[in-house]
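Letter by letter, the sequence shown follows residues 7 to 387 of our numbering.
Virtual Cβ for every residue (Gly too), placed ideally from N, Cα, C.
Notes to accompany the following structure.
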Amino acid sequence: MGHARRKREESAAELPALYALTHDGLERVAADEITQDLHGEVKKTARGLVVFRLSQIDESVLSLRTTEDVFLLAWGSDTLTYRAADLDLFRQWTARKPDWPALFRWHHQIRPLRRGKPTFHLVCQMQGEHGYRRVDAEEAFRAGLRHVLPAGWYEVDENAWLEIWLTIHGKTAVCGVRLSDRTMRHRTYKQEHIAASLRPTVAAAMVRLAGIAPGMTVLDPMCGAGTILAEALTLARQRKGGAPVRLLGGDIDPHAVFVSTQNLGRMGPVGLARWDARSLPLADASVDRLLCNPPFGKQLASVEEILPLYTALAREWNRVLKPGGRAVLLVMEHQALSMALSPFRWTTVRRLALRVLGQPCTLSVWHKPLEESTLPPPAIA
Ligand SMILES: C[S@@+](CC[C@H](N)C(=O)[O-])C[C@H]1O[C@@H](n2cnc3c(N)ncnc32)[C@H](O)[C@@H]1O
Numbered sequence: 007m008g009h010a011r012r013k014r015e016e017s018a019a020e021l022p023a024l025y026a027l028t029h030d031g032l033e034r035v036a037a038d039e040i041t042q043d044l045h046g047e048v049k050k051t052a053r054g055l056v057v058f059r060l061s062q063i064d065e066s067v068l069s070l071r072t073t074e075d076v077f078l079l080a081w082g083s084d085t086l087t088y089r090a091a092d093l094d095l096f097r098q099w100t101a102r103k104p105d106w107p108a109l110f111r112w113h114h115q116i117r118p119l120r121r122g123k124p125t126f127h128l129v130c131q132m133q134g135e136h137g138y139r140r141v142d143a144e145e146a147f148r149a150g151l152r153h154v155l156p157a158g159w160y161e162v163d164e165n166a167w168l169e170i171w172l173t174i175h176g177k178t179a180v181c182g183v184r185l186s187d188r189t190m191r192h193r194t195y196k197q198e199h200i201a202a203s204l205r206p207t208v209a210a211a212m213v214r215l216a217g218i219a220p221g222m223t224v225l226d227p228m229c230g231a232g233t234i235l236a237e238a239l240t241l242a243r244q245r246k247g248g249a250p251v252r253l254l255g256g257d258i259d260p261h262a263v264f265v266s267t268q269n270l271g272r273m274g275p276v277g278l279a280r281w282d283a284r285s286l287p288l289a290d291a292s293v294d295r296l297l298c299n300p301p302f303g304k305q306l307a308s309v310e311e312i313l314p315l316y317t318a319l320a321r322e323w324n325r326v327l328k329p330g331g332r333a334v335l336l337v338m339e340h341q342a343l344s345m346a347l348s349p350f351r352w353t354t355v356r357r358l359a360l361r362v363l364g365q366p367c368t369l370s371v372w373h374k375p376l377e378e379s380t381l382p383p384p385a386i387a
């Protein structure tokens, strides 16, 4: 190993590790973003969690788009017993394991106190069946922090300068200092909302999986509040250079078109229209990337109910997508989607199971074959 590389690795080892909380099912996509965009080293992924290291810690960590929140890691465990013994672990590890002053210094570098008194907030989240209550875990966590927080810091419920979280998920627990704020998950562009609008981090994952390159035409034929297009626009702007990406979107609901115009108008040029996605006013083979999250069926919608809609959509998607193009689709009824697409020989190149609006969904990436070609689909990073 080269001297310079060893030195870099040694100094990186002195920096605290970080972790990101993700939407369930998006861990691998977030890990790819951390590796590719931040050149980070992913140490571990678990449900809703990515633990990683960076060779330097600065504001760039706040530019992640597929993560819900990012933290400096104080301690972590993936061997919880689900029994009361875990409470001792929460208390003792919080009190003894971390170098809290160092973590606070890193936090203050990224989030300096601009005005007012230093304030803090503690968050304890717990998912899964444990032999203790969330309040018991919080009490143990608070007891561990008793001698950690400097005198003169005030606990507040909202808009705290510094937050320390304990997140318990099954047999995994992570504790850390939050670096992100609510804008990481909610974004600032989303001023107007519609029901069933997608979480921006899920839309960002769809955009990453689409592999959008300069000069491409990108379509969301059922754009709702425009979340997917907003994420595509953000990514295109981050990756400066090359021909501009052309973004097109529309919706059958005039209110959705109004809302997406409001949200996207502030961000950049997007061609928006009111249309029926079953009959798009677009030329054949005019789109390089198609991203869509069609309306979710009612909770009990059967394949038979949803199939006619998906069949009409699939015919139109296949008409407008260029041969060799890619589609990223998020649906609740993946079986119906596969049936609707089966006449067109599209192949699935990636499939992720997620929960959206509390419902299990499938995010799938499809490749439309090059006509008359037997070439395999390109690998997706
Ligand atoms: C699940 S929402 C999409 C949410 C969007 N991705 C967002 O983040 O806001 C589905 C959208 O499909 C629209 N829609 C339903 N049927 C349509 C059709 N035939 N043509 C175009 N849009 C349609 C609905 O109005 C709704 O806005």
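Where does the unbroken alpha helix (DSSP H) through residue i begin, and where does it stop?
i, result
"F58", "First-last for F58: 55-59, but that is the beta strand (DSSP E), not the alpha helix (DSSP H)."
"T354", "Segment 353-362 is the beta strand (DSSP E) holding T354; no alpha helix (DSSP H) there."
"D92", "91-102"
Quick check on DSSP: helix, strand or coil for residue i?
i, result
"M212", "helix"
"E16", "In this prediction, E16 scores a pLDDT of 47, lower than 50, which makes its location untrustworthy; the coordinate-derived value is nonetheless stated afterwards. DSSP places E16 in helix when its eight states are reduced to three."
"P329", "strand"
"A201", "coil"
"T73", "coil"
"G150", "helix"
"H136", "coil"
"L306", "No answer about L306 holds up, because its pLDDT of 44 lies below 50 and its placement is not dependable."
"R403", "Because residue 403 is not part of the residues shown, which for the chain are 7 to 387, the question remains open."
"L119", "coil"
"G271", "helix"
"R284", "coil"
"V276", "coil"
"T207", "helix"
Please find out if some non-hydrogen atom of ligand 1 comes closer than 8 Å to the beta-carbon of residue i.
i, result
"P314", "no"
"N324", "no"
"C367", "no"
"L215", "no"
"S203", "yes"
"M273", "no"
"R393", "Nothing can be reported for residue 393, as the shown portion of the chain is limited to 7 through 387."
"A209", "yes"
"T317", "no"
"T409", "Lying outside 7 to 387, the shown extent of the chain, residue 409 is not represented and no answer is given."
"P227", "yes"
"G230", "yes"
"Q302", "The sequence given here places Phe at residue 302; Gln does not occur at that position. Yes, the beta carbon of F302 sits closer than 8 Å to at least one heavy atom of ligand 1."
"A262", "yes"
Assuming residue i and residue j make a contact with CB atoms under 8 Å, what is their CB distance in whole Å?
i, j, result
"T51", "C181", "With 8 Å as the limit, T51 and C181 do not qualify as a contact, their Cβ atoms being about 18 Å apart."
"S266", "C229", "5 Å"
"R332", "A216", "6 Å"
"V362", "V208", "6 Å"
"R357", "S344", "With a Cβ gap of about 10 Å, R357 and S344 do not count as contacting."
"M338", "C298", "Incorrect: roughly 13 Å between the Cβ atoms, too far for contact."
"G330", "L376", "5 Å"
"D294", "T223", "5 Å"
Just curious, the beta strand (DSSP E) that residue i is in, first and last residue?
i, result
"E39", "It is not in any beta strand (DSSP E) - E39 instead sits in the alpha helix (DSSP H) that spans 33-44."
"Q131", "125-133"
"A26", "24-27"
"S370", "365-373"
"L253", "252-257"
"I170", "168-175"
Residue i: buried (16+ other C-beta within 10 angstroms of its C-beta) or exposed?
i, result
"H113", "buried"
"Y25", "buried"
"A166", "buried"
"R193", "buried"
"R97", "buried"
"P156", "exposed"
"K374", "buried"
"H29", "buried"
"G364", "exposed"
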